[in-house]
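> Handing you a structure now.
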Amino acid sequence: MKILLVGYGAMNKRVAQLAEENGHDIVGALSPTEENDCPYPLYDSVTTDLPEADCLIDFSHPTLTKEVLNSAITLPMVIATTGEKETLFDLFTEKAQSTPVFFSANMSYGVHIVTQLLENIAPLMDDYDIEMIEKHHNQKIDAPSGTLIKLLDAIKENARPDANEVYDRTQSTEKRDQKDIGISTLRGGSIVGEHEVLFAGHDEVISIKHSAQSKDIFARGALKVAEQLVNKQNGFYTYNNLYV
Numbered sequence: 171m172k173i174l175l176v177g178y179g180a181m182n183k184r185v186a187q188l189a190e191e192n193g194h195d196i197v198g199a200l201s202p203t204e205e206n207d208c209p210y211p212l213y214d215s216v217t218t219d220l221p222e223a224d225c226l227i228d229f230s231h232p233t234l235t236k237e238v239l240n241s242a243i244t245l246p247m248v249i250a251t252t253g254e255k256e257t258l259f260d261l262f263t264e265k266a267q268s269t270p271v272f273f274s275a276n277m278s279y280g281v282h283i284v285t286q287l288l289e290n291i292a293p294l295m296d297d298y299d300i301e302m303i304e305k306h307h308n309q310k311i312d313a314p315s316g317t318l319i320k321l322l323d324a325i326k327e328n329a330r331p332d333a334n335e336v337y338d339r340t341q342s343t344e345k346r347d348q349k350d351i352g353i354s355t356l357r358g359g360s361i362v363g364e365h366e367v368l369f370a371g372h373d374e375v376i377s378i379k380h381s382a383q384s385k386d387i388f389a390r391g392a393l394k395v396a397e398q399l400v401n402k403q404n405g406f407y408t409y410n411n412l413y414v
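Residue numbers (my numbering): 171 to 414.
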């Protein structure tokens with residue numbers, strides 16, 4: 171499989187290494203900034219003559235992702251960019267008319283399983299308070315993480331449509347409301363990624379937690395998705411329908 175990388179940050183560096191270890195070829199990287207450590211042909215614009223490829227894998231930034239989605243590129247697209255979700259989803263839908271497009275805020279299959287668990291468990295937990303905690307390394311710039319938003323959406327769409335998202339309690343002198351979903355964001359060190367959902371009831375707490383031990387789980391996930399996506403018809407895909 172010939173892969174075009176979109177962005178050449180930490181994640182796509184891991185994608186490149188694992189791809190080559192598994193017999194795939196990296197034909198180039200699309201990046202508007204100069205990447206001195208990139209061993210592959212660099213392309214600074216979506217309007218340049220890009221190399222022949224079977225798919226692209228995008229671990230970049232919403233700005234670059236939007237340029238790709240608005241371009242004439244029709245390669246199957248694995249999108250792992252987080253941020254500006256609503257804008258990107260509109261573009262996903264439009265682009266999916268001309269090419270297969272896959273998106274996940276977290277490429278870990280384990281996070282997909284946790285999401286499905288929450289979709290099924292949350293409706294059973296009406297009498298429980300919900301708190302969500304996410305932890306990442308000190309270089310992550312967005313908060314809360316795209317993965318936490320994904321998990322939050324699973325809860326709200328299936329059980330708590332009227333939930334109040336609470337990010338700061340320092341200015342409140344009132345008791346916790348049953349509709350509150352507390353969201354805590356931690357940044358420090360080299361934490362790859364941890365997401366925990368607490369269901370706190372009377373005399374018991376149920377915790378659902380996912381811990382990433384290495385960035386490789388996201389890179390491997392993206393490659394596995396790409397291997398499936400190149401054989402799909404045009405359309406918008408997530409983990410919920412990719413393997414159907």
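Heads up, the beta-carbon is just placed ideally off N, CA and C, and yes, glycines get one too.
Evaluate contact between the segment 368-385 and the segment 239-251, counting only Cβ atoms and requiring at least three cross-stretch pairs below 8 Å.
Contact fails: fewer than three Cβ-Cβ distances are below 8 Å.
> I need the DSSP call for Thr355, collapsed to helix, strand or coil.
Strand at Thr355.
> Apart from the five residues on each side of it in sequence, which residues of its chain come closer than 6 Å, Cβ to Cβ, to Phe229?
Closer than 6 Å at the Cβ level, and outside the excluded window around Phe229, lie Gly177, Met181, Asn182, Ala250.
> Would you mind sorting Lys345 into buried or exposed? The rule is 16 or more other CB atoms within 10 Å of its CB.
Counting Cβ neighbours within 10 Å, Lys345 comes out exposed, since fewer than 16 surround it.
> Would a C-beta distance cut-off of 9 Å place Ile353 and Glu335 closer than the cut-off?
Yes. Within cutoff.
> Where does His372 land, buried or exposed, given buried means 16+ other C-beta within 10 angstroms?
Classification for His372: exposed.
> Mind reading off the beta-carbon distance from Val185 to Leu200? Whole number of angstroms is fine, and I expect it under 8 Å.
Actually they are not in contact, since the Cβ atoms of Val185 and Leu200 sit about 13 Å apart, beyond 8 Å.
> Where are the alpha helix (DSSP H) runs, 4 residues long or more, that stay fully inside the segment 348-409, in chain order?
Runs found: 386-399.
> Just the Cα atoms here: how many angstroms apart are Thr235 and Met171?
Each residue's Cα considered, the two are about 22 Å apart.
> Taking Leu239 as the reference, give the member of Asp224, Ala266, Pro314, Glu254 with the closest Cα.
Nearest C-alpha to Leu239: Ala266.
> Does the separation of the CB atoms of Glu304 and Leu287 fall below 9 Å?
No; because the gap between Cβ atoms is not below 9 Å, this pair is not in contact.
> Using the C-alpha atoms, what's the distance from Lys349 back to Glu204?
One C-alpha to the other measures close to 47 Å.
> Alpha carbon to alpha carbon, how far is Ala223 from Glu254?
Going by the C-alpha atoms only, they are around 27 Å apart.
> With 16 as the cutoff for other CB atoms within 10 Å, does Phe259 come out buried or exposed?
Phe259 should be labelled exposed.
> Is Ile291 helix, strand or coil when you go by DSSP?
Note: Ile291 maps to helix in three-state DSSP.
> In angstroms with no decimal places, state the Cα-to-Cα distance between Met302 and Leu294.
The alpha-carbon atoms of Met302 and Leu294 are separated by roughly 17 Å.
> DSSP state of Asp338, grouped into three classes?
In the structure shown, Asp338 sits in coil (DSSP, three-state: anything other than H, G, I, E or B).
> Measuring CA to CA, which of Leu175, Pro209, Pro232, Tyr210 is closest to Cys225?
Minimum Cα distance to Cys225 is reached at Leu175.
> Near Lys385, which residues of its chain fall below 8 Å by C-beta distance, leaving aside the five closest residues on each side in sequence?
These residues qualify, in order along the chain: Ala180, Met181, Arg184, Val362.
> For a test of the three-state rule: what should DSSP assign to Ile303, helix, strand or coil?
In this structure, Ile303 counts as strand in the three-state DSSP scheme.
> By Cβ distance, which residues of its chain are closer than 6 Å to Tyr153, with the 5 residues on each side in sequence left out?
The displayed coordinates of the chain run from 171 to 414. Any statement about residue 153 would go beyond what the structure contains.
> Please find out if some non-hydrogen atom of the ligand ADP comes closer than 8 Å to the beta-carbon of Ser342.
Although the ligand ADP was asked about, the structure shown includes no ligands whatsoever.
> Where DSSP assigns a beta bridge to Cys225, which residues make up the other side?
For Cys225, which the question treats as bridged, DSSP gives the partners Ile173.
> Would you mind listing the beta strand (DSSP E) stretches within the segment 207-252 that are 3+ residues and don't spill past its ends, in chain order?
Listed in chain order, the complete beta strand (DSSP E) runs (minimum 3 residues) inside the segment 207-252 are 225-228, 247-249.
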